[in-house]
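For reference, the structure discussed in these notes is given below.
Residue numbers (the working numbering): 5 to 453.
Now the structure itself:
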């Protein structure tokens, strides 16, 4: 219903002409087409500065991580750097356009742009360029143009790869053709898009909060089931472990190493270069999607000979040991075919006589597991959990029969949560696509404002 309220039958302009530009297509007949560089007055690279010194030269530094690209704005800036004798041209001014020129990645390439809409004294980091436009172009309108250009992947033509880091050739990018409607039209279009995209953003925000709530309830269901069981009348005793608290009488607590039928094993330290589908698939943590399934678009393999010591068996649980995904786990499924695993992962083959792999997987989704993971970071400040540390993790578990009951209960419960989350996420994707299409249609003149 909310999406329907946003849509309507739009008017079009009286006459159109072929722009001769792929990303623009047909445009209103009286609109000018020009290279973006012609209406740009200044491009100024950002500056990283020195470590803060608690003096008058300390200034907030806006980074790419602070970009809120969907809203063409930025989040709260917390980074402080020191800039003795900083040139005035590097101090951000209201209506400066900030464009990401270095960094990026496969899923989110460089070229995102936002507008600086504040009087606060601030500068920006060296991975960002400050773009200032001439009077004939409304900064807000040009920012929407860059949003549409990015959505159409126009930026990809001007990206150069350098030692694994993407760099946007800003001068090549601004050599592309853009539209220049009248200043009055620019104002009208920017105002219209501000209103409509704000409404869409509000709906998206509500949907994302719903996803967060569903995830919290999902985790709560797992937490209670793997620490208290399903019987509300069960007698509880003290576990004497801070992050576990009281536990059902009769449950056991054992170190993970005593629940494995073989020693925990590191994966193969091999480069992911081969994509021969006749060889065992080489699984890395980045190959697993949010649903715990393998992604089709990241297939890599190892030769039979190299893969042999690292082949997975049905039910093996893999644990990420380093980086941003440390602590994340997933269970290998036999229907994935022959697979081996990478060096940043640790394999545990569980002793099914003591604990089921399904039950162990649910434990690694609980708060008590993540509290243990976080306690390691507090002690070491390094995001790395070795096999030696994983072996010491205290696993709480009931009898095999009770594990079976809990897993059956959670399988049904979690399936419903995951389906609800997936449906809401799909709605968010539709809204984001609609927003992107609306911006593009307005700034290229496909609909009349």
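Even glycine gets a Cβ: it sits at the ideal position worked out from N, Cα and C.
Legend entry - Close Cβ partners of residue 49 (< 7 Å) along its chain, the five nearest in sequence each way excluded: 130, 133.
Inset, instruction - Determine the DSSP secondary structure at residue 263, reduced to helix, strand or coil. - result: Residue state, collapsed to three classes: helix.
Legend entry - residue 353 (DSSP reduced to helix, strand or coil): coil
Inset, instruction - Go ahead and pull the three-state DSSP assignment for residue 150. - result: helix
Inset, instruction - Alpha carbon to alpha carbon, how far is residue 92 from residue 19? Give it in angstroms, no decimals. - result: When only Cα atoms are considered, residue 19 and residue 92 end up about 45 Å apart.
Legend entry - Reduced DSSP secondary structure (H/G/I, E/B, other) of residue 170: strand
Legend entry - Cβ contact check for the stretch 400-416 and the stretch 172-190: 3 or more pairs under 8 Å: no
Legend entry - Neighbour-count burial assignment, residue 254, 16 or more Cβ in a 10 Å radius: Burial state of residue 254 is exposed, judged by a 10 Å Cβ sphere holding fewer than 16 other Cβ atoms.
Legend entry - Spatial distance of residue 237 from residue 231 (CA atoms): 14 Å
Legend entry - 7 Å CB neighbourhood of residue 53 in its chain, flanking five on each side removed: 65, 85, 86, 87
Legend entry - Endpoints, the beta strand (DSSP E) within which residue 120 is located: 117-120
Legend entry - Contact the stretch 93-104 vs the stretch 25-42: 3+ CB pairs below 8 Å: no
Inset, instruction - Could you check what DSSP says for residue 129 in three-state terms: helix, strand or coil? - result: coil
Legend entry - Cutoff 7 Å; reference residue 146; Cβ partners in own chain excluding five residues on either side: Correct list, in chain order: 101, 137.
Inset, instruction - Would you mind stating whether residue 465 and residue 305 have Cβ atoms separated by less than 8 Å? - result: The question about residue 465 has no answer, for the chain in this structure spans 5 to 453.
Legend entry - Alpha carbon of residue 171 to alpha carbon of residue 159, nearest angstrom: When rounded, the distance between both Cα atoms is 11 Å.
Inset, instruction - Check residue 16 in the structure and name its three-state DSSP category. - result: coil
Legend entry - Opening and closing residue of the alpha helix (DSSP H) in which residue 201 lies: 187-232
Inset, instruction - Using the Cα positions of residue 411 and residue 67, report the straight-line distance between them to the nearest angstrom. - result: If you draw a straight line from the Cα of residue 411 to the Cα of residue 67, it comes to about 44 Å.
Legend entry - Status (buried if at least 16 other CB within 10 Å, exposed otherwise) for residue 5: Note on residue 5: pLDDT 40, under 50, position unreliable in the model; no value is reported.
Inset, instruction - May I ask you to list the residues that DSSP assigns as paired with residue 321? - result: In the DSSP output, where bridge partners are listed per residue, residue 321 has 335, 352.
Legend entry - Alpha carbon of residue 454 to alpha carbon of residue 222, nearest angstrom: Past the boundaries of the shown model lies residue 454; the chain is included only from 5 to 453, so the question cannot be answered.
Inset, instruction - Drop a sphere of 10 angstroms on the beta-carbon of residue 447, count the other beta-carbons inside from all chains shown, and report buried for 16 or more, exposed for fewer. - result: buried
Legend entry - 3 or more residues per run - each beta strand (DSSP E) lying fully within the stretch 241-320: 250-252, 256-259, 285-287
Legend entry - Sequence-distant residues of the same chain with beta carbon closer than 8 Å to residue 445, five excluded per side: 14, 451
Inset, instruction - To the nearest angstrom, report how far apart residue 279 and residue 307 are at their CA atoms. - result: 10 Å
Legend entry - Nearest neighbour of residue 322, chosen from 291, 35, 215 [CA to CA]: For the set 291, 35, 215, the Cα lying nearest the Cα of residue 322 is the one of 291.
Inset, instruction - Would you please verify whether the beta carbon of residue 273 is less than 8 Å from any beta carbon of chain B? - result: In the structure shown, chain B does not exist; there is a single protein chain.
Legend entry - From 38, 89, 79, 51, residue whose alpha carbon lies closest to that of residue 59: 89
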